[in-house]
Amino acid sequence: MFLFKRNLSLNDSELNEIKEYVGKTIEKMLITKEETLNILKQYDMVLICSWEGDYMVTDIFQLSKFTISDRTNIRSQNTPFYTVARSLTYRKETILYLDEHKEKGLMIKNLQAFYYVCDLLKTLDVDVFSAQEYKCVW
């Protein structure tokens, strides 16, 4: 029997970079109240965040398979790997969707970044300082 110990491909500075990327995307959407698209090329990832009713909806897409032909139908042209709809009220209700077949095409480092973003989105909390100032905390 063989025992393998796999080290994380992502170091602390990379994890902090990803956390900042997720935080900035969500904070921008909260300020503008508009759909926000942010690209993290290093990990082949696109994050789209928006409000839908009482839920903050965030989708994760693979950048290398992402298409934009017009700015109005981005979500209908692409299928996300992962979607989370979070109510930020006292109930903190969460709805998740994960396409397990798509994630198999990711490199190990990108897959670790993907799962880290998924975890961040599930554990997210938002501090509100004013209508123009928000801070994501985990």
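So that you can map any letter, position 48 of the sequence shown is 52 in this note's numbering, and since no number is skipped, the others follow by simple counting. Every residue gets a Cβ at the ideal spot worked out from N, C-alpha and C, and that includes glycine. Since the structure is predicted, the reported quantities are computational estimates derived from the model, not experimental observations.
- Secondary structure note for I112: its alpha helix (DSSP H) is the uninterrupted segment I112 to T127.
- Burial is judged here by how many other beta carbons sit within 10 angstroms of a residue's own beta carbon; Q81 has fewer than 16 and is exposed.
- Of all alpha-carbon atoms in Q136, V26, S54 and A89, the one lying nearest the alpha-carbon of L124 is that of V26.
- In terms of Cα proximity to C140, the closest of S134, D129 and I43 is D129.
- The C-alpha of K113 is placed about 11 Å away from the C-alpha of L19.
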